[in-house]
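Presented below is the structure to which this report refers.
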Amino acid sequence: MDFLTRLRTIARASWPWVRIPFWIALGLLVGFVLPYTLILNKRVQDRFNELVFAVPTRVYARPQELAPGTPMTPAALELELTFAGYGNDGRGQVPGSWAKDGARYRIASRGYAGPDGGELPKRIRVTLGKGQVQSVTDAATGNAIKATHLDPARIATVYGAQQEERRIVHLGDVPPLLVTGLQAVEDRDFKHHIGLDFGAILRASFANLRAGHTVQGGSTLTQQLVRNLFLDRGQNLTRKFNEALLSLLIEAHYPKDRILEAYVNEVFLGQQGSQAVHGFAAGAEFYFGRRLEDLRPQEIALLIGMVKGPSYYDPRRYPERALARRNLVLQQFVETGLLSAEQARAAQAAPLAIAAAGQLPHNRFPAFMQLVRAQITSDFDDGTLSAGNLSVFTTLDPAAQLYAEQAIDTSMKGLGKRGAAAQAAAVVTDADSGNVLAMVGSKTPGDQGFNRAMDARRSIGSTIKPFVYLVALAQPGRWNLASLVDDSPISMRQPDGTQWTPQNDEHDVHGQVPMLDALVHSWNLATIHLGLSVGLPRIKAFLESFGLTDVNPSPSLLLGAQDLAPLQVAQLYQYLAADGHALPLLAVRGVVDGNGRTIKRYEVEAGQGEYQGAVRLVTWAMQQVARSGTAAAIGNSGLSWLNAAGKTGTSNDMRDSWFAGFTGSHLAVFWMGRDDNKPTGLYGATGSLRAWMELFRKLPTRPLQAAPGEGLELAWINPADGKRTDATCEGARQFPIMAGSLPADTEGCFWQRVGNFFGGGSDAQPAPVTTAPVRD
Numbered sequence: 005m006d007f008l009t010r011l012r013t014i015a016r017a018s019w020p021w022v023r024i025p026f027w028i029a030l031g032l033l034v035g036f037v038l039p040y041t042l043i044l045n046k047r048v049q050d051r052f053n054e055l056v057f058a059v060p061t062r063v064y065a066r067p068q069e070l071a072p073g074t075p076m077t078p079a080a081l082e083l084e085l086t087f088a089g090y091g092n093d094g095r096g097q098v099p100g101s102w103a104k105d106g107a108r109y110r111i112a113s114r115g116y117a118g119p120d121g122g123e124l125p126k127r128i129r130v131t132l133g134k135g136q137v138q139s140v141t142d143a144a145t146g147n148a149i150k151a152t153h154l155d156p157a158r159i160a161t162v163y164g165a166q167q168e169e170r171r172i173v174h175l176g177d178v179p180p181l182l183v184t185g186l187q188a189v190e191d192r193d194f195k196h197h198i199g200l201d202f203g204a205i206l207r208a209s210f211a212n213l214r215a216g217h218t219v220q221g222g223s224t225l226t227q228q229l230v231r232n233l234f235l236d237r238g239q240n241l242t243r244k245f246n247e248a249l250l251s252l253l254i255e256a257h258y259p260k261d262r263i264l265e266a267y268v269n270e271v272f273l274g275q276q277g278s279q280a281v282h283g284f285a286a287g288a289e290f291y292f293g294r295r296l297e298d299l300r301p302q303e304i305a306l307l308i309g310m311v312k313g314p315s316y317y318d319p320r321r322y323p324e325r326a327l328a329r330r331n332l333v334l335q336q337f338v339e340t341g342l343l344s345a346e347q348a349r350a351a352q353a354a355p356l357a358i359a360a361a362g363q364l365p366h367n368r369f370p371a372f373m374q375l376v377r378a379q380i381t382s383d384f385d386d387g388t389l390s391a392g393n394l395s396v397f398t399t400l401d402p403a404a405q406l407y408a409e410q411a412i413d414t415s416m417k418g419l420g421k422r423g424a425a426a427q428a429a430a431v432v433t434d435a436d437s438g439n440v441l442a443m444v445g446s447k448t449p450g451d452q453g454f455n456r457a458m459d460a461r462r463s464i465g466s467t468i469k470p471f472v473y474l475v476a477l478a479q480p481g482r483w484n485l486a487s488l489v490d491d492s493p494i495s496m497r498q499p500d501g502t503q504w505t506p507q508n509d510e511h512d513v514h515g516q517v518p519m520l521d522a523l524v525h526s527w528n529l530a531t532i533h534l535g536l537s538v539g540l541p542r543i544k545a546f547l548e549s550f551g552l553t554d555v556n557p558s559p560s561l562l563l564g565a566q567d568l569a570p571l572q573v574a575q576l577y578q579y580l581a582a583d584g585h586a587l588p589l590l591a592v593r594g595v596v597d598g599n600g601r602t603i604k605r606y607e608v609e610a611g612q613g614e615y616q617g618a619v620r621l622v623t624w625a626m627q628q629v630a631r632s633g634t635a636a637a638i639g640n641s642g643l644s645w646l647n648a649a650g651k652t653g654t655s656n657d658m659r660d661s662w663f664a665g666f667t668g669s670h671l672a673v674f675w676m677g678r679d680d681n682k683p684t685g686l687y688g689a690t691g692s693l694r695a696w697m698e699l700f701r702k703l704p705t706r707p708l709q710a711a712p713g714e715g716l717e718l719a720w721i722n723p724a725d726g727k728r729t730d731a732t733c734e735g736a737r738q739f740p741i742m743a744g745s746l747p748a749d750t751e752g753c754f755w756q757r758v759g760n761f762f763g764g765g766s767d768a769q770p771a772p773v774t775t776a777p778v779r780d
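Going from the sequence shown to the numbering used here is simple: count from 1 and add 4.
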C-alpha cells in the first residue's frame with residue numbers, strides 16, 4: 005500500500021473524531037474571526053488615514069529682529085535664545101545653537117517660514133554694545149548683514165480632546181541615520197517580515213527563558229506601531245491576538261515606507277505634564293530644542309534608545325541610564341556599519357546636552373492667548389483651532405512678557421502687605437505699530453483664571469487727563485501749553501441732585517496757572533475748568549472714536565470717573581505713542597496651514613495721522629511729568645535717559661493705581677488694585693509706576709526724542725498773558741507751541757517795567773511751582 009492510500013485510510017478512520025471540532029472551527033472562522041477581521045481591517049484603514057490630521061495647532065511669538073541699531077542687551081538676547089530653544093554649546097555651529105565671546109555672539113539660526121515669508125538657516129555673528137546691536141555679519145563670509153531674524157519661539161499649543169504633542173514629518177525629511185538606525189536597533193528584518201518576525205520571537209523566548217526574566221523583545225516595528233495606535237498596555241492572550249492580527253493587516257495594506265513613516269511620527273517618547281510626546285520630531289524639540297533634521301548622531305542614538313522605555317531612560321531624571329543606553333545604541337550603529345568606530349567614539353564622548361526644560365509650551369501665557377483667540381475668533385473658531393495642523397504667528401515678545409511678569413512680582417513684593425492684598429495687570433505694545441508685545445493678567449505668572457488686563461474695568465483716574473488737554477490743544481488758535489487755566493474751587497450740582505465738590509490731591513488751589521503746569525502736577529481743579537471750557541461733548545466724542553462705549557457724560561469724566569480695562573487704556577495711549585496714528589492693538593500676525601500656505605494675514609496700514617501737533621505737545625508735557633511731575637521718580641532715577649512720557653492715575657479712595665508711559669519704541673500700561681475693589685493705599689506713583697520702572701530697567705528700548713517734535717517751535721512766553729516775550733523778561737518761560745500759532749512779534753519787557761515802577765504786577769501771574777508730590 006502506497007503512502008497516499010495509507011493517508012486516506014487514516015483520514016477516513018479519524019473523520020468521526022475530528023468532524024465536530026472541524027465544523028466548530030469552521031463556524032468560528034466564518035461566523036466570528038472573518039467578521040472580526042473585517043472590522044479590524046476597517047479600523048486599521050480609518051486610523052491610518054487620520055494620522056495626517058493629528059497635529060495640534062501651534063502658536064508662535066514674533067521672530068526676533070537682529071539689525072544694527074536694534075535695542076538689545078546680553079540678558080535679553082540670551083533670554084530670547086533660551087526661550088526659542090537654542091542651546092549654548094560653546095561653538096554655535098549646529099542649527100539651534102549659540103556661543104558667546106565677550107560682547108560677540110555666534111548663532112546658528114534654524115530658519116523659519118511664516119506669514120511674511122521667512123528666512124533660511126544661517127550662521128551669524130552678532131556684536132552688542134551700548135544697549136543695542138552694533139553689527140551683524142555672516143559667519144561664513146564675514147559680510148555685513150543689514151537685518152536678519154531668529155526663528156520665533158513656540159509659546160502655546162492648542163489641542164483637541166487628546167493632549168498629544170506631535171510634529172509630522174515625511175520619511176524623506178528624516179535623517180537617514182535615524183531611519184536605518186531605528187531598524188538596526190529595533191527591527192533588523194523590518195524590510196522582509198510580514199508584520200510578525202517568528203525568528204525574532206523564538207530568539208527572544210530562548211534568551212528570556214535562559215535569563216529567567218525578560219531581557220529581549222521580539223516585537224517588530226509594526227507591532228510597536230499597533231500598540232501605540234490601537235491597544236492598551238495589558239498583557240493577555242486577547243491583546244496578543246489583536247496585536248498579531250492588526251500587524252498582519254497593516255502589512256497587507258501598506259508599503260514598508262508608509263508603515264515606517266507612521267512609526268516615526270507616532271512613537272511615544274515621553275511626557276510633560278498632561279502632554280504626551282509622540283514622534284521623533286516632537287522628541288527632538290522636547291529634549292534638544294532643535295529640529296529633527298539638525299540632530300547629531302549621539303542625539304539620534306539617544307532618541308532611538310529611549311524607544312525601549314521613555315520613562316526609564318528619561319535623560320532629565322536618569323541621565324546615567326540615558327547615557328549608557330545611548331552609548332549602547334551607538335555601538336550597535338558600529339556593528340551594523342552605520343558609523344565608523346572613530347565616529348562612534350566621538351559621539352560617545354559627547355555629553356547628553358539636554359535642553360534645560362521641555363520645549364513644548366502649552367498656554368504658558370494665558371492672558372495673551374485670550375487676546376489671540378479674541379482677535380481670530382471671527383476667522384477661526386475653537387473647533388478649527390483644536391482640529392490642528394495650523395500655525396498661528398503672534399506679536400508676542402518673550403523678553404517683554406517675562407520682564408513684565410518679573411516687574412509686577414518685584415514691585416508687589418516691595419509693597420509688603422499692600423502688595424500681598426492687591427492684584428495687577430499690564431499691557432506692553434510696540435509704540436510704532438500697535439503690536440501687543442506682552443500681556444499680564446495676574447500677579448501670578450501663568451494664572452489661567454481671570455484676565456484683568458482684558459476684563460477688569462476699573463476707574464482710570466488721572467490717566468485720562470492727557471486726552472482732555474489734547475482736545476484743547478487741537479484748537480491751536482485758542483489753546484497752547486502756556487494758556488492760563490483756572491485752578492480754583494468749583495462745585496456743581498449732579499443730575500441726581502447731589503453736589504459735586506472736587507478737590508486737588510493736596511487740598512490746595514493755585515489760581516491762574518499755565519496749562520503745562522496743570523497737567524504736569526495733575527491738578528484736578530484746573531483740569532475741570534479746562535474741560536468745561538473745551539466742552540464735555542467734544543471730549544466724550546473723542547474718547548468714543550477709539551471704540552469706547554458708555555462713556556461717562558458727566559463732568560466727573562474729566563477726573564477719570566470712567567471704568568476701563570488696561571487693554572483699553574493702552575489703546576488710548578497708543579494714539580499718543582504712535583504720534584497721532586490711531587492703530588488697533590494687534591496680537592496676531594497671520595495664520596499658516598499645514599502645507600506652509602498663509603491663509604490669513606492681520607496687518608494695519610497707518611494713516612496720515614491726526615492732530616499730530618496737539619499729540620506732540622501733550623507728549624512733550626508728559627515728558628515733563630516724568631521729569632518733575634507726579635512721575636518724577638523716573639527723572640530722578642537711572643532711567644532719565646529714556647526721556648519717557650507718562651501719566652499717573654489714582655481713582656477715588658486709592659482703589660486703583662495706574663501708570664501709562666512710553667519710550668521711543670515701547671508703550672506700557674500697568675494697573676494695581678484689589679479684586680474686591682477695596683482701597684489699596686496706593687497712588688499711581690507709589691504702585692504702578694514702580695512696576696513700569698522695573699520693566700524698563702531690563703527691557704531694551706529706544707529713548708524718546710527729548711526736543712519738541714516736528715511742526716513745533718520753542719517760544720519765550722509771558723505766562724501772565726500768553727504772549728511772546730523776551731527771554732530776559734522776569735517770569736518769562738519757554739514753551740513749545742505749534743509753529744505759526746502765535747504772532748512773531750514780542751511784547752518785550754517795557755510794560756512789565758512800567759508795572760513794577762508803579763508797584764503793580766499782573767494779578768494773573770501764576771503761583772510759583774513747587775516740587776511735585778510723589779502721588780497723583
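The beta-carbon is built from N, C-alpha and C at its ideal position, and this holds for glycine as well.
Using only the alpha-carbon positions, how far apart do residue 783 and residue 83 sit? The shown model of the chain, from 5 to 780, leaves out residue 783, and the question about it has no answer.
**OP:** Can you tell me which of 714, 694, 274, 131 puts its alpha carbon nearest to the alpha carbon of residue 71?
**Re:** 131
Kindly provide the ranges of any alpha helix (DSSP H) runs that are 4 or more residues long and lie completely inside the stretch 563-588, ordered along the chain.
570-581, all fully within the stretch 563-588.
For this session: Would you mind giving the Cβ-Cβ distance between residue 444 and residue 425, rounded to the nearest angstrom? I have them listed as a contact below 8 Å.
Result: Contact flag wrong, Cβ pair sits at about 18 Å.
- request: Given a cut-off of 8 Å, decide if residue 356 and residue 3 are closer than it, judged by their beta-carbon atoms.
  value: Here the chain has residues from 5 to 780 only, and residue 3 is not among them.
Check your understanding: Out of curiosity, what's the CA-to-CA distance linking residue 299 and residue 353?
Key -> 16 Å
- Item | Local conformation of residue 656 per DSSP, three classes | helix
If you check the beta carbons only, do residue 688 and residue 466 fall under 8 Å apart? yes
By the three-class DSSP mapping on this structure, what secondary structure does residue 740 have?
In the displayed model, residue 740 falls within a strand according to three-state DSSP.
Three-state secondary structure assigned by DSSP to residue 226
helix
Q: Express the C-alpha separation of residue 535 and residue 541 in angstroms, rounding to a whole number.
A: Each residue's Cα considered, the two are about 10 Å apart.
Can you tell me whether residue 153 is helix, strand or coil according to DSSP?
strand
Given that a residue counts as buried once 16 or more other Cβ atoms are within 10 Å of its Cβ, and exposed if not, what is residue 226? By the 10 Å Cβ count, residue 226 comes out buried.
(message) DSSP has residue 496 in a bridge; who is on the other side?
(response) 504
Could you give the DSSP three-state label for residue 219: helix, strand or coil? Note that residue 219 has pLDDT 42, beneath the 50 cutoff, so the model's placement of it is unreliable and the number below is only indicative. Three-state DSSP puts residue 219 in coil, outside helix and strand.
Alpha carbon to alpha carbon, how far is residue 476 from residue 729?
-> C-alpha separation (whole angstroms): 23 Å.
Problem set entry | Whether residue 380 touches residue 162 by CB criterion (8 Å) | No, the pair does not count as a contact, with Cβ atoms beyond the cut-off.
CA-to-CA distance, residue 115 to residue 155, given in whole angstroms = 6 Å
Which listed residue (577, 590, 714) has its alpha carbon closest to that of residue 651
Comparing alpha carbon positions, the residue from 577, 590, 714 closest to residue 651 is 577.
- Query: In the structure shown, what three-state DSSP assignment does residue 441 receive?
  - Reply: strand
Alpha-carbon to alpha-carbon, residue 333 and residue 219:
The predicted position of residue 219 is uncertain, since its pLDDT is 42 and thus under 50; a value taken from the coordinates is nonetheless stated next. Approximately 16 Å, taken between the alpha carbons.
Could you pull the DSSP bridge partners for residue 427 from this structure? 677
Next item on the list: Go ahead and pull the three-state DSSP assignment for residue 722.
Entry: Residue state, collapsed to three classes: strand.
query = Less than 8 Å separating the beta-carbons of residue 153 and residue 67?
reply = yes
Mind the definition here: the stretch 512-526 touches the stretch 618-633 only if three or more C-beta pairs lie below 8 Å; say whether that holds.
-> With the cut-off at 8 Å, the stretch 512-526 and the stretch 618-633 touch.
With three or more C-beta pairs closer than 8 Å as the rule, is the stretch 484-495 touching the stretch 394-413? no
- Query: For residue 316, is the classification buried or exposed, using 16 other Cβ atoms within 10 angstroms of its Cβ as the cut-off for buried?
  - Reply: exposed
- In chain order, each beta strand (DSSP E) run of at least 3 residues that lies wholly inside the stretch 372-435: The beta strand (DSSP E) runs lying completely inside the stretch 372-435 and spanning 3 residues or more are 394-398, 427-434, given in chain order.
**Message:** Can you look up residue 197 in the DSSP assignment and give me helix, strand or coil?
**Reply:** coil
key: Run of the beta strand (DSSP E) containing residue 102, from where it starts to where it stops   = 101-105
Applying the criterion that 16 or more other CB atoms from any shown protein chain within 10 Å of the CB defines a buried residue, is residue 113 buried or exposed? buried
In the DSSP assignment, the beta strand (DSSP E) including residue 161 goes from what residue to what residue?
158-162
- Message: So for residue 793, helix, strand or coil by DSSP?
- Response: Shown here, the chain extends from 5 to 780; a query on residue 793 therefore has no answer.
- Message: Taking 8 Å as the threshold (beta carbon to beta carbon), is residue 371 in contact with chain E?
- Response: The chain inventory of the structure shown lacks chain E, comprising one protein chain alone.
Checklist line | Range of the contiguous beta strand (DSSP E) that encloses residue 628 | finding: Per DSSP, residue 628 belongs to no beta strand (DSSP E); it is in the alpha helix (DSSP H), 616-632.
Inter-residue Cα distance where the pair is residue 322 and residue 586 | A straight line joining the alpha-carbon of residue 322 with that of residue 586 spans about 55 Å.
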